[in-house]
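Written below as structure tokens is the structure these notes are about.
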Amino acid sequence: MDPWKAGRYVILLSRLCSIIILVITIYSGAVILSDIYGVLPSITEGKVTSIPLKNRGFLPLTVDIKVTIGVKGNEVPIEKHYEVPPGVSTRIEIKPEDVMREALLSILEDVAYDKVQANVHVSVLAFLEPFITLTAEAERSTYVGPLITKQQVIVEGIEPVNLTHVKAKLRVSIVAPLLADTRWKYRLWVNGNPTEWSELKANERGEVDFVEEVILSVDTRSVKVEVCIENLCKVINVGV
Amino acid sequence: MKKVLLSLARAALDFLVIYLIPTVLLSSLSIPYQFSATAFPIAIIVAALGGVSMYLKGKTSCFAANGLRSAFFSLYLFVVLSGGVITLAMKSVLVTINMLPLLIVIIFPELLNTVYNFARWLVLTRKKE
Numbered sequence: 175m176d177p178w179k180a181g182r183y184v185i186l187l188s189r190l191c192s193i194i195i196l197v198i199t200i201y202s203g204a205v206i207l208s209d210i211y212g213v214l215p216s217i218t219e220g221k222v223t224s225i226p227l228k229n230r231g232f233l234p235l236t237v238d239i240k241v242t243i244g245v246k247g248n249e250v251p252i253e254k255h256y257e258v259p260p261g262v263s264t265r266i267e268i269k270p271e272d273v274m275r276e277a278l279l280s281i282l283e284d285v286a287y288d289k290v291q292a293n294v295h296v297s298v299l300a301f302l303e304p305f306i307t308l309t310a311e312a313e314r315s316t317y318v319g320p321l322i323t324k325q326q327v328i329v330e331g332i333e334p335v336n337l338t339h340v341k342a343k344l345r346v347s348i349v350a351p352l353l354a355d356t357r358w359k360y361r362l363w364v365n366g367n368p369t370e371w372s373e374l375k376a377n378e379r380g381e382v383d384f385v386e387e388v389i390l391s392v393d394t395r396s397v398k399v400e401v402c403i404e405n406l407c408k409v410i411n412v413g414v
Numbered sequence: 029m030k031k032v033l034l035s036l037a038r039a040a041l042d043f044l045v046i047y048l049i050p051t052v053l054l055s056s057l058s059i060p061y062q063f064s065a066t067a068f069p070i071a072i073i074v075a076a077l078g079g080v081s082m083y084l085k086g087k088t089s090c091f092a093a094n095g096l097r098s099a100f101f102s103l104y105l106f107v108v109l110s111g112g113v114i115t116l117a118m119k120s121v122l123v124t125i126n127m128l129p130l131l132i133v134i135i136f137p138e139l140l141n142t143v144y145n146f147a148r149w150l151v152l153t154r155k156k157e
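Structure (structure tokens):
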């Protein structure tokens with residue numbers, strides 16, 4: 175065969191291949207881009223918890239989602255990774271409360287009792303192997319906190335034990351909805367001495383409720399309740 | 029006269045396909061992407077070289093024109109696709125598309141065509157000498 179003619183065929187073949195690759199990649203990319211574009215604002219606003227994602231294209235798709243919540247210079251990233259072969263559906267689970275909880279535990283001190291401004295930054299990295307990488311980013315400013323919406327210590331009853339001491343029954347109630355199912359610990363400071371740490375778990379509504387009986391000296395008649403969530407401890411003074 | 033008209037038609041068709049249709053499509057589909065300002069003169073050069081190669085069809089210099097056209101077309105693709113990294117600001121979403129591997133796949137046949145045509149032009153020119 176004439177080498178020039180063979181060269182001509184090679185060029186034609188490579189053009190044909192590049193057109194096929196171009197069409198497949200552009201189609202796959204456009205489909206993924208429209209899907210991402212459709213759901214990204216909803217993720218940023220925390221409106222969706224589960225997003226169906228189907229790889230309608232012809233190329234294997236890898237998706238990396240990173241949600242970053244920034245409060246007072248502290249940034250808490252939450253990352254998720256998905257691999258979706260062509261034609262396969264998957265669900266992207268992003269529960270805003272999970273993201274918030276994880277983020278808030280890291281910045282607990284800032285948001286425990288105050289409302290603070292937070293930036294929610296969502297980035298989606300979709301890799302259509304091996305030709306295109308799509309990065310979509312959206313950011314919004316919001317307010318988070320206060321985390322602890324209710325904190326109450328009630329003296330339910332006092333009984334005299336003897337001339338110098340009384341027995342007091344205390345009910346401690348704390349509500350922190352975003353900290354549902356997290357582990358807490360507490361101890362009491364009675365007559366200036368701390369008791370052993372006790373552990374408890376917030377229920378699914380983020381409520382913690384416990385009752386303690388303490389014997390107090392009539393001279394002091396005050397008790398401190400120290401409650402800790404992760405590294406944040408709060409001491410509540412109670413006059414009896 | 030017919031040759032000149034055919035060449036002009038080829039140049040116009042080239043310009044229509046590589047520049048006019050894509051720009052019209054981008055604006056009609058509301059895709060917030062604009063071709064670089066340098067894309068326009070390069071598109072004119074590509075179209076003109078397409079016309080010239082049509083005019084020179086059958087002559088040795090046609091290969092040189094073809095090779096040059098492919099080289100400029102590669103440059104045009106590189107400029108139009110912003111070197112393979114496109115950034116689109118769509119309302120509140122910022123989209124970055126890194127398509128460098130795809131750009132290489134698209135440009136490769138054009139570069140191959142450039143080499144082929146220049147090689148053929150050189151061989152034929154030397155044979156003549």
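Protein chains in written order, with the working numbering: chain A, 175 to 414; chain B, 29 to 157.
Glycine included, C-beta positions come from ideal geometry on N, C-alpha and C.
Residues of its chain near residue i, where Cβ-Cβ distance is below 8 Å and the 5 sequence neighbours each way are ignored
i: A/ASP288; result: GLY319 and PRO320
i: B/LEU36; result: GLY79
i: A/PRO368; result: ARG361, LEU362 and GLU400
i: A/TYR211; result: ALA310
i: A/TYR317; result: LYS289, VAL290, GLN291 and ALA292
i: B/PRO60; result: LEU116, ALA117 and MET118
i: A/ILE198; result: GLY231, PHE232 and LEU233
i: A/ASN365; result: LEU390, SER391 and THR394
i: A/PRO215; result: ALA312
Amino acids of chain B, ordered along the chain, whose beta-carbon sits closer than 8 Å to that of residue i
i: A/PRO304; result: PRO129
i: A/ALA312; result: SER120, VAL121 and LEU122
Contacts of residue i in chain A (Cβ-Cβ under 9 Å)
i: B/TYR144; result: TRP178, GLY181, ARG182, VAL184 and ILE185
i: B/ARG148; result: TRP178 and GLY181
i: B/VAL32; result: Those do not exist, as B/VAL32 stays about 27 Å from chain A at its closest Cβ, beyond 9 Å.
Proximal chain B residues relative to residue i, where beta-carbon distance stays under 7 Å
i: A/ARG307; result: According to the sequence provided, residue 307 of chain A is Thr. The question's Arg does not apply to it. In chain order: ASN126.
Chain-order list of residues whose beta-carbon lies under 6 Å from that of residue i (same chain, five-residue window excluded)
i: A/VAL346; result: VAL327, PHE384 and VAL399
i: A/LYS408; result: VAL401
i: A/ILE266; result: ILE225 and LEU227
i: A/LYS375; result: ARG357
i: A/LYS246; result: ASP284
i: B/PHE63; result: VAL108
i: A/GLN325; result: ILE348
i: B/THR66; result: VAL107
i: B/VAL113; result: ASN126
Closer than 8 Å at the beta carbon, the chain A residues around residue i
i: B/VAL74; result: Per Cβ cutoff of 8 Å: no residues; B/VAL74 is ~16 Å from chain A at best.
i: B/LEU140; result: VAL184, ILE185 and SER188
Same chain only: Cβ atoms within 7 Å of residue i, ignoring 5 sequence neighbours per side
i: B/ALA39; result: ALA75, ALA76, GLY78 and GLY79
i: A/GLU370; result: ARG361
i: A/GLY380; result: VAL349, ALA350, PRO351, LEU352, LEU353 and ALA354
i: B/MET82; result: LEU34, SER35 and ARG38
i: B/THR51; result: PHE63
i: A/THR359; result: Checking the displayed sequence, the identity of residue 359 of chain A turns out to be Lys instead of Thr. For A/LYS359, where only same-chain residues beyond five positions count, the Cβ hits under 7 Å are TRP371, SER372, GLU373 and CYS402.
i: A/PRO260; result: ASN229, GLY231, PHE232, LEU233 and PRO234
Exercise for the section: Compile a chain-ordered list of the residues in the region 377 to 405 of chain A whose CB is closer than 9 Å to at least one CB of chain B. Expected result: Hits within the stretch: zero.
Exercise for the section: Could you tell me whether the region 294 to 304 of chain A touches the region 224 to 240 of chain A, using the rule of 3 or more Cβ pairs below 8 Å? Expected result: Touching, yes.
Practice task
Could you run through the region 186 to 197 of chain A and flag, in chain order, every residue whose CB is less than 7 Å away from some CB of chain B?
Solution key: Of all residues in the region 186 to 197 of chain A, SER188, ARG189, SER192, ILE195 and LEU196 have a Cβ within less than 7 Å of some Cβ in chain B.
Exercise for the section: Determine which residues of the region 200 to 232 of chain A have a Cβ less than 9 Å from any Cβ of chain B, and write them out in chain order. Expected result: Here the close residues are ILE200, GLY203, LEU207, ILE210, TYR211, LEU214, PRO215 and THR218.
Handout entry: Segment contact, 8 Å Cβ cut-off, at least three pairs: the region 32 to 46 of chain B with the region 390 to 404 of chain A
Key = Counting Cβ pairs under 8 Å, fewer than three are found: no touch.
Exercise for the section: Determine which residues of the region 40 to 71 of chain B have a Cβ less than 7 Å from any Cβ of chain A, and write them out in chain order. Expected result: Correct list: empty, as no residue qualifies.
Exercise for the section: Could you list the residues in the region 92 to 121 of chain B with a C-beta less than 7 Å from some C-beta on chain A, going in chain order? Expected result: Within the region 92 to 121 of chain B, the residues whose Cβ lies closer than 7 Å to some Cβ of chain A are MET118, SER120 and VAL121, listed in chain order.
Exercise for the section: Evaluate the contact criterion for the region 101 to 112 of chain B versus the region 133 to 150 of chain B: three or more CB pairs, one atom per stretch, below 8 Å. Expected result: Flag = yes, the region 101 to 112 of chain B and the region 133 to 150 of chain B touch.
Practice task
Pick out the complete alpha helix (DSSP H) segments inside the region 326 to 362 of chain A, 4 residues or longer, and give them in chain order.
Solution key: With a minimum length of 4 residues, no continuous alpha helix (DSSP H) run stays inside the region 326 to 362 of chain A.
Problem - Cβ contact check for the region 255 to 265 of chain A and the region 233 to 246 of chain A: 3 or more pairs under 8 Å - result: Result yes; three or more Cβ-Cβ pairs closer than 8 Å.
Practice task
Mind the definition here: the region 306 to 315 of chain A touches the region 347 to 367 of chain A only if three or more C-beta pairs lie below 8 Å; say whether that holds.
Solution key: They do not touch, by the three-pair rule.
Problem - Segment contact flag, the region 82 to 90 of chain B with the region 113 to 128 of chain B, C-beta cutoff 8 Å, min 3 pairs - result: The region 82 to 90 of chain B is not in contact with the region 113 to 128 of chain B.
Exercise for the section: Count the C-beta pairs between the region 195 to 205 of chain A and the region 138 to 156 of chain B that are closer than 8 Å, then say yes if the count reaches three, no if not. Expected result: Counting Cβ pairs under 8 Å, fewer than three are found: no touch.
Practice task
Within the region 59 to 133 of chain B, note down every full alpha helix (DSSP H) run reaching 4 residues or more, in order along the chain.
Solution key: Taken in chain order, the complete alpha helix (DSSP H) segments of 4 or more residues contained in the region 59 to 133 of chain B are 67 to 83 and 89 to 108.
Problem - Unbroken stretches of the alpha helix (DSSP H), 4 residues or longer, contained in the region 177 to 234 of chain A - result: Within the region 177 to 234 of chain A, the complete alpha helix (DSSP H) segments at least 4 residues long are 177 to 218, listed from N- to C-terminus.
Problem - Residues in the region 76 to 92 of chain B having any Cβ partner in chain A nearer than 7 Å - result: Within the region 76 to 92 of chain B, no residue qualifies.
Exercise for the section: Tell me the start and end of each unbroken beta strand (DSSP E) in the region 378 to 404 of chain A that is at least 3 residues and wholly inside, in chain order. Expected result: Whole beta strand (DSSP E) segments, 3+ residues: 381 to 391 and 396 to 403.
Handout entry: Length-filtered (4 minimum) alpha helix (DSSP H) runs lying within the region 278 to 323 of chain A
Key = DSSP runs (the alpha helix (DSSP H)) wholly in the region 278 to 323 of chain A: 282 to 285.
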